[in-house]
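> So for the sequence shown, my numbering puts the first residue at 7; every next one is plus one.
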Amino acid sequence: MMSLHPHHTGARRQRGFSLIELSVVLIVIGLVLGAVAVGRDLQRSAANQRLSTDFIQGWQLAYEAYFNGVGRPPGDNPLDPTGRVNGSATPAGQPLCGNDMINAFLAAGIRVPTGRTEGQQDRYVYLDSNGNPQEVRVCFQSVAWAEAGASVGTYVSRPRNVMVIHGLTFSLAGALDQQIDGRSDARFGSLRESTMANNVTPNNPGQIWPVDDRMAFGSTVATSLDESQVAVVDAYFKMMR
7 MMSLHPHHTG ARRQRGFSLI ELSVVLIVIG LVLGAVAVGR DLQRSAANQR LSTDFIQGWQ
67 LAYEAYFNGV GRPPGDNPLD PTGRVNGSAT PAGQPLCGND MINAFLAAGI RVPTGRTEGQ
127 QDRYVYLDSN GNPQEVRVCF QSVAWAEAGA SVGTYVSRPR NVMVIHGLTF SLAGALDQQI
187 DGRSDARFGS LRESTMANNV TPNNPGQIWP VDDRMAFGST VATSLDESQV AVVDAYFKMM
247 R
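#1: Is it buried or exposed for P101, if we count other Cβ within 10 angstroms and need 16 for buried?
#2: Of the choices D218, N83 and Q140, whose alpha-carbon is the least far from that of S177?
#3: Check this for me: beta carbons of G159 and P208, under 7 Å apart or not?
#4: Could you tell me whether the stretch 177-189 touches the stretch 154-168, using the rule of 3 or more Cβ pairs below 8 Å?
#5: State the start and end residues of the unbroken beta strand (DSSP E) segment that holds G173.
#6: Note down, in chain order, each residue of its chain lying with its Cβ closer than 6 Å to the Cβ of V44, except the 5 sequence neighbours on either side.
#7: Report, in whole angstroms, the separation of the C-beta atoms of A68 and F111, which I expect to be a contact under 8 Å.
#8: So who's on the other strand from P139, going by DSSP bridges?
#9: Compare the Cα-Cα distances from A150 to each of A228, R143 and R166 and report the closest residue.
#10: Can you give me the Cβ contacts of Y72 inside the same chain, cut-off strictly under 7 Å, excluding the 5 residues immediately before and after it?
#11: Tell me the DSSP secondary structure of D240 in three-state form.
#12: Spell out the partners DSSP gives Q147 in its beta bridges.
#13: Report buried or exposed for I35, applying the criterion of at least 16 other Cβ atoms within 10 angstroms of its Cβ.
#14: Start and end of the alpha helix (DSSP H) containing E70?
#15: Quick one: what's got a C-beta closer than 8 Å to A98's C-beta in the same chain, skipping five residues either side?
#16: Using the rule of at least 16 other Cβ atoms within 10 Å of the residue's Cβ for burial, across every protein chain shown, is A237 buried or exposed?
And the structure:
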């Protein structure tokens, strides 16, 4: 006997998602995206910490070991020491970088950080806030450095030996500044932005770092492009001697 309602036999009638089901799906998606973002931030923070302790601090310790063992900064004149990095160079004040720097430490029996690879121990690769690769490179140099003068709010310029750190993003510069000085200030402390290190303007307050993670590499203009490499700056890290 034929059914009077043939359209009721076969696949069940399909129905859409209810508002409650859609809400649950959206909440789950939001939680997943939030977890991914948090995980990415934690991973980047851990990578910045490794760069600071294994690379920057590693070169700081290598410099101290060199000074303690040799009795002068790397590159200084052994016959007529000046107390300045690359003091034997002509003209004076040139940075000590690359193979010349690495070989000076190795010749003195000083262990240097691993860095990027053999022969590039002065470099370290990391990811910026957009997930793009960046490279930090270190040198040593004697530079003019602003220090407190004889009265409050005044400053004088003196030669100081520093580690030059090329290629810092805002996030990495801020993280290093917090670890080294306990605050983020591009003008004062032991870590300074290179163009502000010798600022002797009286009664001038601290300064923020001149770039942020919204700026594209090679620019000082904010960008909304997530694929852009982030803008970088150079910094000076004052050595103890």
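The beta carbon of each residue, even a glycine, is placed where N, CA and C say it ideally should be.
Judging by the given coordinates:
#1: In the sequence shown, the residue the question calls residue 101 occupies position 95. Buried: at least 16 other Cβ atoms inside 10 Å.
#2: On the sequence shown, position 171 is the one that residue 177 refers to. The candidate whose alpha carbon is nearest that of S177 is D218.
#3: Here residue 159 refers to the residue found at position 153 of the sequence shown. Here residue 208 refers to the residue found at position 202 of the sequence shown. In this structure, P208 lies closer than 7 Å to G159 by Cβ.
#4: Three or more beta-carbon pairs separated by less than 8 Å are not found between the stretch 177-189 and the stretch 154-168, which leaves the two stretches without contact.
#5: Stepping through the sequence shown from its first residue, residue 173 is reached at position 167. Start and end: Y161 to T175.
#6: Here residue 44 refers to the residue found at position 38 when the sequence shown is read from its first residue. A caution first: V44 carries a pLDDT of 49, below 50, which makes its placement in the model unreliable, though a value can still be read off. Exclusion of the five residues before and after V44 leaves no residue of its chain whose Cβ lies closer than 6 Å to its Cβ.
#7: Taking the first residue of the sequence shown as position 1, residue 68 is located at position 62. Taking the first residue of the sequence shown as position 1, residue 111 is located at position 105. Contact flag correct, Cβ pair sits at about 6 Å.
#8: Translated into positions along the sequence shown, residue 139 becomes position 133. Residue pairing by DSSP places P139 opposite L133 in a beta bridge.
#9: Position 144 of the sequence shown holds residue 150. If you compare the alpha carbons of A228, R143 and R166 with that of A150, the shortest gap goes to R166.
#10: As a working mapping, residue 72 is identified with position 66 in the sequence shown. If you ignore the 5 residues before and after Y72, its C-beta comes within less than 7 Å of the C-beta of P80, F111, A114 and I116, all in its own chain and listed in chain order.
#11: As a first step, residue 240 is located in the sequence shown; it is residue number 234 there, counting from the start. Correct three-state label for D240: strand.
#12: The sequence position of residue 147 within the sequence shown is 141, counting from 1. In the DSSP output, where bridge partners are listed per residue, Q147 has V168.
#13: The sequence position of residue 35 within the sequence shown is 29, counting from 1. For I35, the number of other beta carbons within 10 angstroms of its own is below 16, and it is reported as exposed.
#14: Here the question's residue 70 lines up with position 64 in the sequence shown. Segment Q63 to V76, the alpha helix (DSSP H) holding E70.
#15: Within the sequence shown, residue 98 is the residue found at index 92, counting from 1. Scanning its chain for C-beta atoms nearer than 8 Å, with the 5 sequence neighbours on each side dropped, one finds around A98 the residues T88, R90, N92 and S148, in chain order.
#16: Residue 237 sits at position 231 when you count from the first residue of the sequence shown. Buried, because 16 or more other Cβ atoms sit within 10 Å of the Cβ of A237.
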